[in-house]
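Numbering-wise (the UniProt record's numbering), the sequence shown opens with residue 1 and increments by one.
The block underneath contains the structure these notes are about, expressed in structure tokens.
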Amino acid sequence: MSELGPLDSGFMELEDIDQHVNLGIGAVAILRGSPGSRAEFTDRMAERIGANPRLRQRLRRAPFDLSAPRWVDDPHFDMGHHLRWAALPQPCDETTLWEMVATVMTERLDRDHPLWRCTVVEHLADDRWALIVTAHHSMVDGVSGISLFQRFCDPTPDSPTPKRDEPDDDADRGRDWRALLADGLRLPVQAPAALLRTVRAAVPLAWNAIVPESGSSLTGPIGRQRRYTVARVSLDQVKRIGAVFDATVNDVALAAVTAAFRAMLLARDEEPDTETVRILAPVSVRTTDADGVLDNRVSAMLPQLPTELDDPLDQLRTVHQRLNKHKASGEAGAANSILSLAKWVPFAPLAWAVRTALRFPQHSIAGLATNVPGPARTLRLHGHEVLEMFPYAPIAMRLRTAIAILSYRDHLGFGITGDYDTTPDLDLLADTITTTVDRLLDSCPQS
Numbered sequence: 001m002s003e004l005g006p007l008d009s010g011f012m013e014l015e016d017i018d019q020h021v022n023l024g025i026g027a028v029a030i031l032r033g034s035p036g037s038r039a040e041f042t043d044r045m046a047e048r049i050g051a052n053p054r055l056r057q058r059l060r061r062a063p064f065d066l067s068a069p070r071w072v073d074d075p076h077f078d079m080g081h082h083l084r085w086a087a088l089p090q091p092c093d094e095t096t097l098w099e100m101v102a103t104v105m106t107e108r109l110d111r112d113h114p115l116w117r118c119t120v121v122e123h124l125a126d127d128r129w130a131l132i133v134t135a136h137h138s139m140v141d142g143v144s145g146i147s148l149f150q151r152f153c154d155p156t157p158d159s160p161t162p163k164r165d166e167p168d169d170d171a172d173r174g175r176d177w178r179a180l181l182a183d184g185l186r187l188p189v190q191a192p193a194a195l196l197r198t199v200r201a202a203v204p205l206a207w208n209a210i211v212p213e214s215g216s217s218l219t220g221p222i223g224r225q226r227r228y229t230v231a232r233v234s235l236d237q238v239k240r241i242g243a244v245f246d247a248t249v250n251d252v253a254l255a256a257v258t259a260a261f262r263a264m265l266l267a268r269d270e271e272p273d274t275e276t277v278r279i280l281a282p283v284s285v286r287t288t289d290a291d292g293v294l295d296n297r298v299s300a301m302l303p304q305l306p307t308e309l310d311d312p313l314d315q316l317r318t319v320h321q322r323l324n325k326h327k328a329s330g331e332a333g334a335a336n337s338i339l340s341l342a343k344w345v346p347f348a349p350l351a352w353a354v355r356t357a358l359r360f361p362q363h364s365i366a367g368l369a370t371n372v373p374g375p376a377r378t379l380r381l382h383g384h385e386v387l388e389m390f391p392y393a394p395i396a397m398r399l400r401t402a403i404a405i406l407s408y409r410d411h412l413g414f415g416i417t418g419d420y421d422t423t424p425d426l427d428l429l430a431d432t433i434t435t436t437v438d439r440l441l442d443s444c445p446q447s
């Protein structure tokens, strides 16, 4: 058994507080051919799942929440709870697929069973089919979620070796006692300075999270239903733009997201200003020794997107400057330090504090944008080539729009989630993202 960490537990609490929220995250894979027979597909998936103990475990809460929820083996594990089959209606195109993704991701995962699900979608046009992989955010973050999908895929000689999902207690007990003694002697000297750095970085982070910015239609109550669509851009083109203008892939992606939010606001007759769009930008703190471990290892930044600017180059330069400023401030490190300190707090008062905080509506964060590096090599599932992959990020806490960004092979995919009733204009976001990358590419010197 292993306990959930503070962030993992926080996602459970958030879902409990808001009945309109489903905190499952997902990946949508489009594959060549057809999935084959249901029985054969189930048998092959059972083999992959048997090598990953976490996928056969469910959550067990302690009485009165005296301790954190724990992962325990499900004695009645049944693949039938986790594999579903669906077929697209006519015209079987990608629009109908995205509608099905939104429907599938609206449904909460059953906590009486392991918190994951695969939905096989047949009859996608052009001799294709799709697989929607869903896992609860308490079990995976974006990076480990993609790792989970790769575990389902056919192994190759360079496939990463799955890591243990639980802490290695024997390894911890075997640590060099001299290193532990040295750490203990340094602690009284280093701790005050580390605490001061954390507080200095955490104050602006907390301020940005609680102080309301200028209001817009991007925030507000959300319903149960979702909309979903995608945008595709060339990863090579994004890298070229970054190389020309001294920016990262993430900078270019967020510049495109900036232009998309600006277009959405203008279409709604709202004037973007310098304080309109502050986003929640998760930052991975996963180390290489934790690759493949199914848990959450993320911190966060809260940058403002320069939606007041119209020119894509100005947006790119400003995004680059603001992200560098946030990175230099230690904002993400402070958030991670706070989560680390929370591990030492008894779970019952921590859970109570989280529930209390989540009951207060937030007004300062207008959206979520998260970037996850995906596989550069071609994946295959039961022999079928994975043609494309797109991420799905949930919405919650009055955030009506979430944009997840995932690289796969030579493309960058943007998965865009919106509240059904208040964000009917997701296609405008998707179209603006692609046209903005085109405009930035046109600004690059011709070689």
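Heads up, the beta-carbon is just placed ideally off N, CA and C, and yes, glycines get one too.
E99 and P346 have their C-alpha atoms spaced approximately 42 Å apart.
Remark: C-beta atoms of I279 and L305 approach each other more closely than 8 Å. When DSSP assignments are scanned along the segment 94 to 156, the uninterrupted stretches of alpha helix (DSSP H) that are 4 or more residues long and fall wholly within it turn out to be 94 to 106, 142 to 152. Excluding its 5 nearest sequence neighbours in each direction, T258 has C-beta neighbours in its own chain below 7 Å: L305, P306, T307, Q315, V319, listed in chain order. Segment contact: the segment 269 to 285 against the segment 117 to 125, fewer than three CB-CB distances shorter than 8 Å; contact not assigned. Going by beta carbons, S138 and F11 fall inside the 8 Å limit. Per the coordinates, the alpha-carbon of W129 lies some 33 Å from the alpha-carbon of D18. Around the beta carbon of G50, a 10 Å sphere encloses fewer than 16 other beta carbons of the protein chains shown; the residue is thus reported as exposed. Cβ contact annotation for T96 (same chain, cutoff 7 Å, sequence separation greater than five): L88, P89, in chain order. The residue among D93, F152, L218 with its C-alpha nearest the C-alpha of E385 is F152. When C-beta atoms of the segment 393 to 410 are compared with those of the segment 363 to 373, three or more pairs fall below 8 Å, so the two segments count as touching. Between the segment 416 to 432 and the segment 226 to 245, the count of C-beta pairs closer than 8 Å reaches three or more; the two stretches touch. In this model, P63 and S144 are separated by some 29 Å (Cα to Cα). Contact between I30 and G142 fails: their C-beta atoms lie close to 19 Å from each other, not under 8 Å. The three-state reading of DSSP puts P312 in helix, counting H, G and I together. The C-beta separation of D73 from R56 comes to about 6 Å, placing the pair in contact by the 8 Å criterion. For N371, DSSP records a beta bridge to I405. Separation of F390 and D421 (C-alpha to C-alpha, rounded to the nearest whole angstrom) is 23 Å. Comparing alpha-carbon positions, the option among G292, T106, K325, I241 lying closest to Q150 turns out to be G292. Closest in C-alpha terms to T423, from the list A260, L59, L440, comes A260. Taking C-beta separations shorter than 6 Å and ignoring five residues to either side along the sequence, the partners of R262 in its chain run P272, T307, following chain order.
The residue among P303, P312, L313, A348 with its C-alpha nearest the C-alpha of H326 is P303.
Cβ-Cβ distances below 8 Å link R111 to R58, L59 in the same chain, with the five nearest sequence neighbours on each side left out; the list follows chain order. With 16 or more other Cβ atoms from the protein chains shown falling within 10 Å of its own Cβ, A300 counts as buried.
Collapsing the DSSP output to three states places L379 in coil.
With contacts defined as CB atoms closer than 8 Å, V437 and Q237 qualify as a contacting pair. In this chain, the alpha helix (DSSP H) harbouring D442 covers 426 to 443. I395 sits in coil when the DSSP states are folded into three classes, being neither helix nor strand. For A102, the CB contacts under 6 Å within the same chain, skipping 5 residues up- and downstream, are R226, R227, Y228 in chain order. If you draw a 10 Å sphere on the C-beta of M264, you find 16 or more other C-beta atoms in it, and that means buried. Distance from the CA atom of V104 to the CA atom of P445, rounded to whole angstroms, is 44 Å. Between R70 and E3, the CB-CB gap stays under 8 Å. According to the DSSP assignment, M45 belongs to the alpha helix (DSSP H) that extends over 38 to 50.
Between the C-alpha atoms of H113 and F77 there is a straight-line separation of about 7 Å.
Annotation for F11: the continuous alpha helix (DSSP H) segment containing it runs 6 to 17.
The DSSP-derived three-state label of P306 is coil.
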